[in-house]
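Enquirer:
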Amino acid sequence: MAEEKYPINIWVNEERYEKIRSAGLANLCEEMLAGLKVIRAYANDAQKDKILKLFPTAKFDSATTKSIELLPRKVKDKIFDLIVEKKKVDVMEEFLKRQS
Amino acid sequence: MSEIGHGGKEIVERILQPKEAVQKIKGLKSVPIGSQMANEVINIAYGWFSPLKGFMNKADADAVCNSMRLTDGTVWSIPIIFDMGDQEIADYGVKEGDTVLLTYQDNPLAILEVEEIWGYDIANMCKCVYGTGDPKHPGVSRTCNYKNKFLGGPITLVNRPRINPPYEPYFIPPLEMRKRFKEKGWVKVVAHQTRNVPHTGHEWLMKGAWLQAYADLPIDKPLVGVLVNAIIGEKRKGDYIDEAIILTQDELRKSGYFGDHNHMTSLTFWDMRYAGPKEAIFHAMLRTNLGVSHHMFGRDHAGVGTYYGAYDAHELLESVRDDLSITPVYSMNWLYCPHCGEVTSEGLCNHRKEWQKFSGTLIRSIVDDGVKPPRLIFRPEVFDLVMECAEKYGFGSPFVTDEYLKRRTPVFTIPPLS
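Top line first, the protein sequences correspond to chains E and R. Sequential numbering from 687 applies to the first sequence in the numbering used here. Sequential numbering from 3 applies to the second sequence in the numbering used here.
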């Protein structure tokens, strides 16, 4: 069975869009909810638990979206910057390593 | 004409006129109370909790725990009890048979005729009401924090609360609410329970329930309304601030997504217990007293975490349906389907693989990231008002912060009794 993955939605505001466009990474954006741009970084089960422990304001929306929400904006900025640096969305292992 | 509320009992306000109140409270021992008890005193006095006339004695609390009924057989799901510690009882010199003056914010609020002082096995109460004794459950935690004795007996309000802006238009007690429904000509009213700023998923839940309630009624004039009844009570950090909740709910009417002919916003003071199925029954009782004919119940109504199954509340409601004077409207989730290009019901759309579900939490994460959600998901008037509330009431944030908890304007004030 494939490992369950839980998205962290990084909603792309103008500032973020400018950064990824300049880096030639606009293709990492998905479109959701009638026109919103989002970059989705995925966490596995263990990473999800670590994130929820590290950032107590974060919440796993188990009822509806199955996504990790309410991470502080600064934390999402760090994940976003890492995505730009690594040019890929699969960055959670590296992100958590840098937190420890 | 008398107004009949939950359990087939007449709704009677238990409120004294000021002159009589001044006389009645003379010489009474004063007992200060906290916000939960003040809310519940108001609910009893105005009839939200009809047929309760006061705080429960042991027999009623026991019957509620063991059989979800009062001793007279009326369905009741959550004990309404007044706690006090042994030491306080001794310090205030309270005895059975006494009448005491309950004060809030240092002013007289109500008199309590103490019929019984009783103790209870709180662990058992938790198990019966919440189905768990887990202290992580917020209702269990609240209940376990009760002091070890309870005072039972009727209460009478001696001083009406002064509702502070911007809440005044939304404080509509049961007897007044029923008058308003008659003035509007509504023959059916469907209640929407909320503690949220509305996104379009909520809006469509209401619209769907309105259609369900309308059913086969004639359409030549408006006969059905939605009553938004926001629960205003204890706040937790990170919740939307109360001002944003109540004003944005009403904004849906003001901005034309509904109208005066089919939508009204109101509030009930209540500290949520998150008791899931039992709280669903409780909501049905409250809204029956408000004169509502239908009540929306979604998945995991009033639940928290994973303590209750998605449809446990519906099953419990069905088990006592004949004893409730309200028709449950079971609501399916609404979601965005990019294929349809619209918000649609999961019961209608079959583009399942394309569905994009959204929740209040998800919308909040969008707002937190500095992005304005599209109007199909979150109405621009609601978004703008949330931001306005943040500045006007929330000390810069639409969400509850330590500063908000410390400095917010109280929802109501108890003025001096003159």
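Even glycine gets a Cβ: it sits at the ideal position worked out from N, Cα and C.
If you draw a straight line from the alpha carbon of M58(R) to that of K190(R), how long is it in whole angstroms?
Expert: Cα to Cα, M58(R) sits roughly 32 Å from K190(R).
Enquirer: Cβ of A712(E) less than 8 Å from any chain R Cβ?
Expert: No, A712(E) lies away from the interface with chain R (no Cβ there is under 8 Å from its Cβ).
Enquirer: Note down, in chain order, every chain E residue with its Cβ under 8 Å from the Cβ of L364(R).
Expert: Per Cβ cutoff of 8 Å: N695, D747, T750, T751, S753, E755.
Enquirer: Give the list of continuous beta strand (DSSP E) stretches no shorter than 3 residues that lie fully inside the stretch 73-125 of chain R.
Expert: Listed in chain order, the complete beta strand (DSSP E) runs (minimum 3 residues) inside the stretch 73-125 of chain R are 101-106, 109-115, 118-120.
Enquirer: Give me the Cβ distance between I694(E) and A732(E), rounded to the nearest whole Å; I'm assuming they're in contact under 8 Å.
Expert: Not confirmed; about 15 Å, so no contact.
Enquirer: What residue ranges within the stretch 139-177 of chain R form continuous alpha helix (DSSP H) runs of no fewer than 4 residues, ordered along the chain?
Expert: If we require 4 residues or more, the alpha helix (DSSP H) runs fully inside the stretch 139-177 of chain R come out as 140-146.
Enquirer: Compare the Cα-Cα distances from D302(R) to each of G29(R), L318(R), L292(R) and report the closest residue.
Expert: Of G29(R), L318(R), L292(R), the residue nearest in Cα terms is L318(R).
Enquirer: Mind pulling the chain A residues with CB within less than 9 Å of F385(R)?
Expert: Chain labels in this structure do not include chain A; the protein chains are E and R.
Enquirer: So, is T145(R) buried or exposed, given that buried needs 16 or more other C-beta atoms within 10 angstroms?
Expert: It is buried - the Cβ of T145(R) has at least 16 other Cβ atoms within 10 Å.
Enquirer: If you draw a straight line from the C-alpha of S37(R) to the C-alpha of R354(R), how long is it?
Expert: In a straight line, the C-alpha of S37(R) is about 46 Å away from that of R354(R).
Enquirer: Hey, V388(R) and G240(R): beta-carbon distance below 8 Å or not?
Expert: No, these two residues do not count as a Cβ contact at 8 Å.
Enquirer: How far does the beta strand (DSSP E) with R726(E) in it reach, from first residue to last?
Expert: It spans 722-729 - the beta strand (DSSP E) in which R726(E) sits, taken as one unbroken run.
Enquirer: Using a Cβ-Cβ cut-off of 8 Å, state whether Q358(R) counts as contacting chain E.
Expert: So, interface residue.
Enquirer: Just to confirm the assignment, what range does the beta strand (DSSP E) spanning E393(R) have?
Expert: No beta strand (DSSP E) contains E393(R), which is instead part of the alpha helix (DSSP H) from 382-394.
Enquirer: For a quick check, are the C-beta atoms of P53(R) and G7(R) less than 8 Å apart?
Expert: Closer than 8 Å, so yes.
Enquirer: In whole angstroms, what separates the C-alpha of K321(R) from that of R409(R)?
Expert: According to the sequence provided, residue 321(R) is Ser. The question's Lys does not apply to it. Roughly 45 Å between the two C-alpha positions.
Enquirer: Taking DSSP's pairing of strands, which residues face G56(R) in a bridge?
Expert: Answer by DSSP bridge pairing, in chain order: P156(R).
Enquirer: Output yes or no for whether 8 Å exceeds the beta carbon distance between V77(R) and D325(R).
Expert: Cβ distance < 8 Å, so V77(R) and D325(R) count as in contact.
Enquirer: Using beta carbons (cut-off 8 Å, strictly below), is I113(R) in contact with chain E?
Expert: No, its Cβ sits nowhere closer than 8 Å to a Cβ of chain E.
Enquirer: Can you find a CB in chain E that lies within less than 8 Å of the CB of Y310(R)?
Expert: No, Y310(R) lies away from the interface with chain E (no Cβ there is under 8 Å from its Cβ).
Enquirer: What span of residues does the beta strand (DSSP E) with E717(E) cover, start to end?
Expert: Element bounds for E717(E): 716-718.
Enquirer: Can you check whether the CB of I113(R) is closer than 8 Å to the CB of T101(R)?
Expert: Yes, the pair counts as a contact, with Cβ atoms nearer than the cut-off.
Enquirer: Do V192(R) and H285(R) count as a contact pair if the criterion is CB distance below 8 Å?
Expert: Result no, Cβ atoms of H285(R) and V192(R) do not sit closer than 8 Å.
Enquirer: Determine, for N791(E), whether the minimum Cβ-Cβ distance to residues of chain R falls below 8 Å.
Expert: Only positions 687 to 786 of chain E appear in the structure, and residue 791(E) is not among them; the question remains open.
Enquirer: Given a cut-off of 8 Å on the beta-carbon distance, is the pair E22(R) and Y48(R) in contact?
Expert: No, these two residues do not count as a Cβ contact at 8 Å.
Enquirer: By alpha-carbon positions, which one of S327(R), M3(R), C391(R), L378(R) ends up nearest to K184(R)?
Expert: Out of S327(R), M3(R), C391(R), L378(R), M3(R) has the C-alpha closest to the C-alpha of K184(R).
Enquirer: Counting only beta-carbon atoms, is P376(R) nearer than 8 Å to chain E?
Expert: Taking Cβ atoms only, chain E reaches closer than 8 Å to P376(R), which makes this a yes.
Enquirer: Residues in the stretch 222-242 of chain R with C-beta within 8 Å of chain E's C-beta atoms, listed in sequence order?
Expert: Taking 8 Å as the Cβ-Cβ cut-off against chain E, the residues of the stretch 222-242 of chain R that qualify are G240.
Enquirer: Give me the Cα-Cα distance between T346(R) and G9(R), rounded to the nearest whole angstrom.
Expert: Roughly 37 Å separates the two Cα atoms.
Enquirer: The beta strand (DSSP E) spanning F271(R) covers which residue range?
Expert: Its beta strand (DSSP E) spans residues 265-271.
Enquirer: Ordered along the chain, which non-local residues of its own chain (more than five positions away) have a Cβ less than 6 Å from that of T73(R)?
Expert: Contacts found: A61, D62, A65.
Enquirer: Around the C-beta of Q25(R), are 16 or more other C-beta atoms found within 10 angstroms, so that it is buried, or is it exposed?
Expert: The residue in question, Q25(R), is exposed, as its Cβ has fewer than 16 Cβ neighbours within 10 Å.
Enquirer: Would you mind reading off the limits of the beta strand (DSSP E) that contains A193(R)?
Expert: Counting along the chain, the beta strand (DSSP E) containing A193(R) begins and ends at 190-196.
Enquirer: If the cut is a Cβ gap below 8 Å, which residues of chain R does K705(E) touch?
Expert: In chain order: nothing, as chain R lies at least about 13 Å away.
Enquirer: When the distance is taken between beta carbons, is M208(R) closer than 8 Å to G293(R)?
Expert: No, the pair does not count as a contact, with Cβ atoms beyond the cut-off.
Enquirer: Determine whether the Cβ of M718(E) lies closer than 8 Å to any Cβ atom of chain R.
Expert: Yes - at least one Cβ of chain R is within 8 Å of the one on M718(E).
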